[in-house]
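**Q** First, the structure itself, so that you have it in front of you.
Residue numbers (this note's numbering): 255 to 649.
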């Protein structure tokens, strides 16, 4: 398998990132909190998507220096966002783009190849065909379409805001080479993801922009990017065949994309992600012996190896964390239960060592039937009534 060296551009970007301490940015949460009053009265099925649309219109966005794939989640260098506990419980605004109903994995390829504007037009046509639905199911379908349209508008608003930011930076840029890069990025953002990507760089920018939108909306839905080496391969092959892109240029774009994906971070309560089954829901996995699926696979694998060597993850503990050398599945002496998959067996063996079996609370409440309400008095305060033999028999 071919190996590519770390590009000078990404080395500069990584050094600049590590020069800043990781910072928790509150702008995202502040804007979200301020929107609650503006969206009052909107149907519950539409409200999350409408909130996200307003967030994308009002959230301050920046582009860092020397980036090829542009767009940051915060204005602070090395900034992280956070979502409240309710965000993880509600569905993502882009859930209508699920690949299937079994796995929460949005269709990145559809966004890159078809464009969000075409998806929005289909949803608008479907809404018109439904008309003024009066049934419950009909109203649910109409509200679902309205929410999806807001999600499409939000993604396009994110791109347009970044395009405006790129144009502003280009106007103040004195370096002619960087000025040309910023103007090219602005032109790309005016085109994608609203329209289908026309080049490899446009496809990579649209791919990242969709991931950024998922991260800003929910975070829980941004954990399973579709295979980028498959989704972006046709654009790579087209540009290489036309002579508009060589291998070195393509790898620089791939490494910049991977760096931007690695840069996205958020802070959550630990209990919200305890036991997350990472990689248990792979759609099209491959063994390590067959990892090099196509021409882009080697580039993505090299980008991952090069960036991992820079130790970009933020450590929130002091000292060295002890790691067992034995595999997790081999640490249990519990007998194997017949009929269980390996993962279910691991969960069975180790559940009680990770979480307590039950939880007790110190709050005591009376049963519902014994609590007084406004409509009736407590039994002890009710006026006494004579009980006839017929009534006594019922008791």
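We put the beta carbon where it would ideally sit given N, CA and C, even for glycine. These figures come from a predicted structure and were not determined experimentally.
Would you say residue 549 and residue 487 are within 9 Å of each other, going by their C-beta atoms?
**A** In the chain shown, counting from the first residue as 1, residue 549 sits at position 295. In the chain shown, counting from the first residue as 1, residue 487 sits at position 233. Yes.
**Q** If we call anything under 9 Å between Cβ atoms a contact, is residue 453 one with residue 317?
**A** Here residue 453 refers to the residue found at position 199 when the chain shown is read from its first residue. Here residue 317 refers to the residue found at position 63 when the chain shown is read from its first residue. Against a cut-off of 9 Å, the Cβ pair of residue 317 and residue 453 comes out as no contact.
**Q** Going residue by residue through the segment 459 to 505, where are the continuous alpha helix (DSSP H) segments of at least 4 residues, counting only ones entirely within it?
**A** As far as the segment 459 to 505 is concerned, its whole alpha helix (DSSP H) runs of at least 4 residues are 482 to 485 and 487 to 496.
**Q** I'd like the list of long-range same chain contacts for residue 337, defined as Cβ closer than 6 Å, with 5 residues on each side in sequence excluded.
**A** What you label residue 337 is simply residue 83 of the chain shown in a count that begins at 1. Once the five neighbours on either side are set aside, the close Cβ partners of residue 337 are 473.
**Q** Taking Cβ to Cβ, would you say residue 327 is nearer than 9 Å to residue 470?
**A** Taking the chain shown and counting its residues from 1, one reaches residue 327 at position 73. Taking the chain shown and counting its residues from 1, one reaches residue 470 at position 216. Going by C-beta atoms, residue 327 is nearer than 9 Å to residue 470.
**Q** With C-beta atoms as the reference, is residue 258 less than 9 Å away from residue 505?
**A** Mapped onto the chain shown, residue 258 falls at position 4. Mapped onto the chain shown, residue 505 falls at position 251. Yes, the Cβ-Cβ distance between residue 258 and residue 505 is below 9 Å.
**Q** If you draw a straight line from the C-alpha of residue 457 to the C-alpha of residue 556, how long is it?
**A** For the purposes of this step, residue 457 is identified with residue 203 of the chain shown, where counting begins at 1. For the purposes of this step, residue 556 is identified with residue 302 of the chain shown, where counting begins at 1. The straight-line gap from Cα to Cα measures roughly 20 Å.
**Q** Mapping the DSSP letters down to three states, classify residue 331 as helix, strand or coil.
**A** For this step, residue 331 is matched to residue 77 along the chain shown. Of the three classes helix, strand and coil, the one that applies to residue 331 here is coil, per DSSP.
**Q** Is the segment 295 to 312 close to the segment 401 to 409, with three or more CB pairs under 8 Å?
**A** yes
**Q** Do residue 202 and residue 514 have their C-beta atoms within less than 9 Å of each other?
**A** There is no way to answer for residue 202, as the model of the chain reaches only from 255 to 649.
**Q** In three-state DSSP terms, what is residue 435?
**A** Reading the chain shown from its first residue, position 181 is the one you call residue 435. In the structure shown, residue 435 sits in a helix (DSSP, three-state: H, G or I).
**Q** Skipping 5 residues on each side, what residues in its chain have a beta carbon closer than 6 Å to that of residue 441?
**A** As a first step, residue 441 must be located in the chain shown, where it is residue number 187. If we look at residue 441 and ignore the five residues flanking it on each side, it has no Cβ neighbours.
**Q** Would a C-beta distance cut-off of 9 Å place residue 468 and residue 516 closer than the cut-off?
**A** Looking up residue 468 in the chain shown gives position 214. Looking up residue 516 in the chain shown gives position 262. No; because the gap between Cβ atoms is not below 9 Å, this pair is not in contact.
**Q** CA-CA distance, residue 491 and residue 477?
**A** Sequence index remark: in the chain shown, residue 491 carries index 237 (1-based). Sequence index remark: in the chain shown, residue 477 carries index 223 (1-based). Between residue 491 and residue 477, the C-alpha separation is close to 27 Å.
**Q** Which partner residues does residue 316 have in the DSSP bridge list?
**A** Position 62 of the chain shown, counting from 1, holds the residue named residue 316. Bridge partners of residue 316 according to DSSP: none are assigned.
**Q** Determine, using beta carbons only, whether residue 335 and residue 283 come nearer to each other than 9 Å.
**A** On the chain shown, position 81 is the one that residue 335 refers to. On the chain shown, position 29 is the one that residue 283 refers to. For the 9 Å CB-CB criterion, residue 335 and residue 283 form a contact.
**Q** Can you check DSSP and say which residues form a bridge with residue 520?
**A** In the chain shown, residue 520 corresponds to position 266, counting from 1. Answer by DSSP bridge pairing, in chain order: 335.
**Q** Could you have a look at residue 277 and say whether DSSP puts it in helix, strand or coil?
**A** One-based indexing of the chain shown puts residue 277 at position 23. Note: residue 277 maps to strand in three-state DSSP.
**Q** Using only the alpha-carbon positions, how far apart do residue 553 and residue 264 sit?
**A** Taking the chain shown and counting its residues from 1, the one referred to as residue 553 is at position 299. Taking the chain shown and counting its residues from 1, the one referred to as residue 264 is at position 10. Roughly 14 Å between the two C-alpha positions.
**Q** Between the C-alpha atoms of residue 393 and residue 594, what's the straight-line distance to the nearest angstrom?
**A** Counting from one through the chain shown, the residue named residue 393 turns up at place 139. Counting from one through the chain shown, the residue named residue 594 turns up at place 340. Using only the alpha carbons, I get a separation of about 42 Å.
**Q** Take every Cβ of the segment 354 to 374, pair it with every Cβ of the segment 443 to 453, and state whether three or more of those distances are shorter than 8 Å.
**A** yes
**Q** Select from 390, 399 and 361 the residue whose C-alpha is nearest the C-alpha of residue 379.
**A** Taking the chain shown and counting its residues from 1, the one referred to as residue 379 is at position 125. The shortest Cα separation from residue 379 among 390, 399 and 361 belongs to 399.
**Q** Closer than 8 Å to a non-hydrogen atom of the ligand GTP - does that hold for the CB of residue 304?
**A** Absence of the ligand GTP is noted for the structure shown, with no ligands found whatsoever.
**Q** Using C-beta distances below 7 Å, list every residue in its chain close to residue 499, excluding the 5 sequence neighbours before and after it, in chain order.
**A** For the purposes of this step, residue 499 is taken as the residue at position 245 of the chain shown. 454 and 493.
**Q** Am I right that residue 271 and residue 332 are in contact with their C-beta atoms under 8 Å? What's the rounded C-beta distance?
**A** As a position in the chain shown, residue 271 is number 17, starting the count at 1. As a position in the chain shown, residue 332 is number 78, starting the count at 1. Right, the Cβ-Cβ distance comes to about 6 Å (below 8 Å), so this counts as a contact.
**Q** Just list the residues that DSSP pairs residue 352 with in beta bridges.
**A** Taking the first residue of the chain shown as position 1, residue 352 is located at position 98. DSSP lists 360 as partners of residue 352.
**Q** Can you check whether the CB of residue 409 is closer than 9 Å to the CB of residue 348?
**A** Here residue 348 is taken as the residue at index 94 of the chain shown, counted from 1. Here residue 409 is taken as the residue at index 155 of the chain shown, counted from 1. Closer than 9 Å, so yes.
**Q** Tell me whether residue 295 is buried or exposed, calling it buried when 16 or more other Cβ atoms sit within 10 Å of its Cβ.
**A** Counting from one through the chain shown, the residue named residue 295 turns up at place 41. Exposed, because fewer than 16 other Cβ atoms sit within 10 Å of the Cβ of residue 295.
**Q** Starting from residue 562, follow the alpha helix (DSSP H) in both directions and report where the run begins and ends.
**A** Numbered from its first residue, the chain shown carries residue 562 at position 308. Segment 551 to 562, the alpha helix (DSSP H) holding residue 562.
**Q** Locate the alpha helix (DSSP H) running through residue 389, then write down its first and last residues.
**A** Here the question's residue 389 lines up with position 135 in the chain shown. Residue 389 -> no alpha helix (DSSP H), and no H or E assigned at all.
**Q** Here's the rule: buried if 16 or more other CB atoms are within 10 angstroms of the residue's CB, otherwise exposed. What is residue 261?
**A** The residue you call residue 261 lines up with position 7 of the chain shown. The residue is buried, with at least 16 neighbouring Cβ atoms inside 10 Å.
**Q** Can you tell me the Cβ-Cβ gap for residue 459 and residue 323, rounded? I've got them flagged as a contact below 8 Å.
**A** Along the chain shown, read from residue 1 onward, the residue named residue 459 stands at position 205. Along the chain shown, read from residue 1 onward, the residue named residue 323 stands at position 69. About 6 Å; that satisfies the 8 Å criterion.
**Q** With DSSP collapsed to three states, give me the class of residue 427.
**A** Position 173 of the chain shown holds residue 427. Coil.
**Q** For residue 551, which of 428, 314 and 485 has the nearest alpha-carbon?
**A** Reading the chain shown from its first residue, position 297 is the one you call residue 551. The candidate whose alpha carbon is nearest that of residue 551 is 485.
**Q** Thinking C-beta only, is residue 276 closer than 9 Å to residue 562?
**A** Taking the first residue of the chain shown as position 1, residue 562 is located at position 308. Taking the first residue of the chain shown as position 1, residue 276 is located at position 22. No, Cβ-Cβ distance for residue 562 and residue 276 is not below 9 Å.
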